[in-house]
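Trainee:
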Ligand SMILES: Cc1cc2nc3c(=O)[nH]c(=O)nc-3n(C[C@H](O)[C@H](O)[C@H](O)COP(=O)(O)OP(=O)(O)OC[C@H]3O[C@@H](n4cnc5c(N)ncnc54)[C@H](O)[C@@H]3O)c2cc1C
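Residue numbers (our numbering), protein chains in the order written: chain P, 42 to 308; chain Z, 756 to 1515.
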């Protein structure tokens, strides 16, 4: 890694100011994505602004119709939280499947969402449930937070403070994992919101997470696995790499969605 | 002479403690005074020319000492390609011009005060190219196919009778094409070179399977006398063929160290190792194998296609082995080289046999199904005592005994001879068998052996321990021959200041080194025995000196009378006896010893003038295939081997055990993926280059048969480092067929290929 400055501010506002003062500075959360990025020289910040010294960013609370989760909450903390396990057990399950124990112990929900890796898991949650992203500059809606691959609605000097995640009526998370990295080859989050709306979010498959409207439409008329029998997803816009072709990813989406339906019906 | 047992004790490695405590010094561990650190910069195109290399940004990184490019690189003399009798990994020298011959070619060398600065600067070197469309692999436009026998004087295609005519009349014929994938060695230890000059004398620390070759190669490239260079490589963290030949980095690092007047340490990243050193190239095979009504082979045609680079013809020519496996009456073979824009391939563990035996042993299985015969029966029916090409006898050939014992250990009689007929725990079960072989090869070796009156011994030889257990087996040989305890023997390896040992390749190391040790030990015994038997007094006076042996720290005659070593040494009037011995294999003339010291390789074996010598083995595997996901597992493997005298049951066992694990990798995991658009390796790291892990290997059983082969060499030792991973790939593929009816003619076997097939 090359030389850079390091700051560990005591408040989020100070952190935001450091970023505003220097456009080449960059925030650091759990470092699970960013440190490897630096090692590979894919980024060259002048300064790292470490968020680890800021108090009260790693909290989980019930709040209205959902959960308020601080940006610095680790995957491990979400998975183990009695609050999450009671209010939204599928979210705890999702967190428990991220990476490996080392990644879960360090990686954070804020870092995951801010990074918007196409294969990341939390962005699917934020998008599908239209969570509120509370930042140092205001608020964003999850439904228009992810414009493209590794891109978000955040300004360079804008930091995520916490998420408000509406808790659905029912949910199922299915992830087809790469056996080495544990990242999703494809993931599907199927929910029935408190207003009875069916939503289907997809991760891992495209440049960024998206809603599979064809699946949502099919399930709206009949909430059964068979309803998805004829549903196909266009492979045209999907990702392709040494692990899977675009066609395979397209194939996996209804397969995983069916599994979600079955699990939701069983409960 | 003292006798070594046919199957030696399983002594744990004498260097085991050093390794697990981190005290074993690998090449990059050596500290040199005030080192500078070097980093390679490699090309991002596979074919074309460098238009410009801008090192200005790189030069600004604090701590950078020098950036060498084709414009200012030290002049490197070409030494010949290994395949042409030299030492070089490839004939082409990078950094001597603007030409780009393959992706990942060295285009600059950055030297800096720290490793970090070197890496940072390397990252900032900017190249612009004039690229041309590369040909990446078989089937790409721009590849050139050449017939090996027409382009290489060393190459002949083994042939006998009229195979094509015989196949026309055969009752059963299998005609098929097989393919094996690109593989990289991926030794745990990365490549590195440390060069340290003191005056006009150069010391190189580099992981090596051939220190004398490295010495000769670097001296040749720098244009300095060989005796001005010392190479040290006491421990090598895995090599598998990748650290045998001399790659471009060594002389470049040494030249940089000379120019900068300080030691330079070059560390090559794993990804760079994929393109700046060798690998196993992909191969293709066309096989025709025919038998008459009762399964007797009547004809065999094996055509091999091997990928090589534009500048070099590297061929493994495994037909030399396949044609000798059975009593084929008529044989025709042909090997072709296919040139593409790739780095030159090289030796990788059992270079010839892994791909070529996959083709043969798959075809034999296909034929067995066609005839409706047990595949092991078919193999044994066509066993032969003589080499089908030369008509000469095999020194020893226990193919039948290996299979029979393996069948017993495996429980082969439970096999149901029908596809998809065996199931367990809801999964499809398949049994597969294959023959393993490796030609017994030997090379000249010299050794210095020392015995002290106090009962301590020392072996000094520039052989190598590439993780194989050389330290231990050479200590065992010396201990056994000199009659001292194993822990009283010290072994020094991997240093050109020692007597020249053989290259650690072709499984020659143990047999050749032990033969030299036997010769030296005999000279020591004779000196002590002569003094003891010709003395006027003493218990051995008047005895036949030939009957006196060294045993348990004593010099003893057949009738048990004897004396302690201390007394025997007193009689000689010395505290230490030292003998230097040079050993040459049969059929090698004396000049080869000088050649050994000068870095030229002479390996003989396999088919010889008067005999043919091979190690053999039988490998049986069980696979389980999940009928829904088609995932393939190998819960059980049995290997029975006959490989001459086994020096150490434990280290030998580890070799073939690990070999069979490699075989599973070859069958199911290992493949370097190539982006054909750019002729670029994609998974150049050990996260994405798959190898078997513990969870993939469940149960393995290994046995060695006793084998007394007095013909191969003094010690009766045959090599076995490259025996275990031969045939395993075919055994797995054959078992997959038995389980599913899917015939894998391309490895590694991928689920998607199985999916595409019509299954039971
Ligand atoms: C082996 C491995 C396996 C993994 N597997 C998975 C997986 O299965 N599923 C999955 O979802 N992820 C996976 N990850 C990624 C992991 O979850 C990361 O933790 C996560 O993507 C980034 O979080 P972080 O806290 O480590 O952020 P960092 O790496 O520190 O930062 C990432 C980016 O986010 C920015 N950032 C961080 N915090 C904030 C904030 N509060 N406001 C604004 N910007 C911020 C940083 O500036 C940086 O650009 C894996 C990672 C590894 C190494």
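The beta-carbon is built from N, C-alpha and C at its ideal position, and this holds for glycine as well.
1. Between P:79, P:110, P:161 and P:70, which lies nearest to residue 91 of chain P when the distance is taken from Cα to Cα?
2. Use the C-beta contact count for residue 1515 of chain Z: other C-beta atoms within 10 angstroms, 16 or more gives buried, fewer gives exposed.
3. Residue 1428 of chain Z CB to nearest chain P CB: under 8 Å?
4. I'd like to confirm something about residue 139 of chain P: is its beta-carbon nearer than 7 Å to some heavy atom of ligand 2, or not?
5. Any idea if residue 87 of chain P is buried or exposed, counting beta-carbon neighbours within 10 angstroms, 16 or more meaning buried?
6. Look up residue 1366 of chain Z in the DSSP assignment and say whether it is helix, strand or coil.
7. Is there a C-beta anywhere in chain P that falls below 8 Å from the one on residue 1515 of chain Z?
8. Along chain P, in chain order, which residues have C-beta atoms closer than 9 Å to that of residue 875 of chain Z?
9. Would residue 294 of chain P count as contacting chain Z if we go by Cβ distances under 8 Å?
10. Any Cβ of chain P within less than 8 Å of the Cβ of residue 1443 of chain Z?
11. Look at residue 1205 of chain Z and residue 1285 of chain Z and say whether their C-beta atoms are less than 8 Å apart.
12. Rounding to the nearest angstrom, what Cα-Cα distance links residue 930 of chain Z and residue 1091 of chain Z in this structure?
13. State the DSSP-derived secondary structure class of residue 965 of chain Z, mapped to helix, strand or coil.
14. If I measure Cβ to Cβ from residue 1333 of chain Z and keep anything under 6 Å in the same chain, skipping five residues before and after, which residues do I get?
15. Is DSSP giving residue 301 of chain P helix, strand or coil here?
16. If residue 1240 of chain Z sits next to residue 1234 of chain Z, beta carbons under 8 Å apart, how far is it from one beta carbon to the other, in whole angstroms?
17. For residue 938 of chain Z, which of helix, strand or coil comes out of DSSP?
18. Please list, in chain order, the residues of the stretch 265–287 of chain P that have any C-beta partner in chain Z closer than 7 Å.
19. Would residue 47 of chain P be called buried (16 or more neighbouring beta carbons within 10 Å of its own) or exposed?
20. Please name the residue, chosen from Z:1454, Z:1074 and Z:1147, that lies closest to residue 1391 of chain Z on a Cα-to-Cα basis.
21. Rounded to whole angstroms, how far is the Cβ of residue 1011 of chain Z from the Cβ of residue 821 of chain Z, which I believe are closer than 8 Å?
22. Could you tell me the boundaries of the alpha helix (DSSP H) in which residue 1346 of chain Z lies?
23. Run the proximity test for residue 153 of chain P: is its beta-carbon closer than 7 Å to any non-hydrogen atom belonging to ligand 1?
24. Whose Cβ in chain P lies nearer than 7 Å to the Cβ of residue 1438 of chain Z?
25. Nearest by alpha-carbon distance to residue 234 of chain P: which of P:218, P:170, P:281 and P:150 is it?
26. Identify the contact partners of residue 1396 of chain Z in chain P, using a Cβ-Cβ distance below 7 Å as the criterion.
27. Going by C-alpha to C-alpha distance, which of Z:762, Z:1200 and Z:1379 sits closest to residue 1180 of chain Z?
28. Mark residue 767 of chain Z as exposed unless 16 or more other C-beta atoms lie within 10 angstroms of its C-beta, in which case mark it buried.
29. Please list, in chain order, all residues of the same chain as residue 1426 of chain Z whose beta carbon is under 6 Å from its beta carbon, the five residues on each side excluded.
30. Residue 719 of chain Z and residue 1167 of chain Z look like a contact to me (Cβ under 8 Å); what is the Cβ gap, rounded to whole Å?
31. Considering Cα atoms alone, identify which of Z:1253, Z:942 and Z:957 is closest to residue 997 of chain Z.
32. With 8 Å set as the bound, which would you pick, yes or no: does the beta-carbon of residue 221 of chain P sit closer than that to a beta-carbon of chain Z?
33. Using the Cβ count rule (16 or more neighbours within 10 Å means buried), how would you classify residue 1403 of chain Z?
34. Given 8 Å as the limit, is there contact between the stretch 1211–1226 of chain Z and the stretch 985–996 of chain Z, that is, 3 or more CB pairs closer than that?
Mentor: Let me spell this out:
1. Looking at P:79, P:110, P:161 and P:70, the one whose alpha-carbon comes closest to that of residue 91 of chain P is P:70.
2. Confidence is the limiting factor: at residue 1515 of chain Z the pLDDT is only 47, short of 50, which leaves the residue's position unreliable and the question unanswerable from this model.
3. By this cut-off, residue 1428 of chain Z is an interface position.
4. Ligands present in the displayed structure are limited to ligand 1, and ligand 2 is not among them.
5. Answer is exposed; the Cβ neighbour count stays below 16.
6. Judged by DSSP in its simplified three-state form, residue 1366 of chain Z adopts coil rather than helix or strand.
7. With a pLDDT of only 47 at residue 1515 of chain Z, under 50, the local geometry of the prediction cannot be trusted, and the value read off the model is given with reservation. It does not: the Cβ of residue 1515 of chain Z has no partner Cβ on chain P nearer than 8 Å.
8. Chain P residues near residue 875 of chain Z: 42, 43, 44 and 82.
9. Interface flag for residue 294 of chain P against chain Z is unset, since no Cβ pair is found closer than 8 Å.
10. Answer yes: the Cβ-Cβ gap between residue 1443 of chain Z and chain P drops below 8 Å somewhere.
11. Cβ atoms of residue 1205 of chain Z and residue 1285 of chain Z: not closer than 8 Å.
12. One C-alpha to the other measures close to 19 Å.
13. Three-state result, residue 965 of chain Z: coil.
14. The residues are 1205.
15. The DSSP-derived three-state label of residue 301 of chain P is helix.
16. With a beta-carbon spacing of about 6 Å, residue 1240 of chain Z and residue 1234 of chain Z fall inside the 8 Å limit used to define contacts.
17. In this structure, residue 938 of chain Z counts as strand in the three-state DSSP scheme.
18. Residues passing the 7 Å Cβ filter: 283.
19. It is exposed - the Cβ of residue 47 of chain P has fewer than 16 other Cβ atoms within 10 Å.
20. Distances from the alpha-carbon of residue 1391 of chain Z to those of Z:1454, Z:1074 and Z:1147 put Z:1454 closest.
21. For residue 1011 of chain Z against residue 821 of chain Z, the beta-carbon gap comes to about 7 Å, under 8 Å, which counts as contact.
22. First-last of the alpha helix (DSSP H) with residue 1346 of chain Z: 1346–1352.
23. It does: the Cβ of residue 153 of chain P is within 7 Å (strictly closer) of some heavy atom of ligand 1.
24. Going along chain P in sequence order, the residues near residue 1438 of chain Z (Cβ under 7 Å) are 283.
25. Scanning P:218, P:170, P:281 and P:150 for the CA closest to the CA of residue 234 of chain P turns up P:170.
26. For residue 1396 of chain Z, no chain P residue has a C-beta closer than 7 Å to its own C-beta; the minimum C-beta separation is roughly 33 Å.
27. Ranking Z:762, Z:1200 and Z:1379 by Cα distance to residue 1180 of chain Z puts Z:1379 first.
28. Under this definition residue 767 of chain Z is an exposed residue.
29. Excluding positions up to five away in sequence, the list reads 936 and 1503.
30. The shown model of chain Z, from 756 to 1515, leaves out residue 719 of chain Z, and the question about it has no answer.
31. Ranked by Cα distance from residue 997 of chain Z, the first of Z:1253, Z:942 and Z:957 is Z:942.
32. Chain Z, which has a Cβ nearer than 8 Å to the Cβ of residue 221 of chain P, makes this yes.
33. Buried.
34. Below 8 Å, enough C-beta pairs join the stretch 1211–1226 of chain Z and the stretch 985–996 of chain Z to call them touching: three or more.
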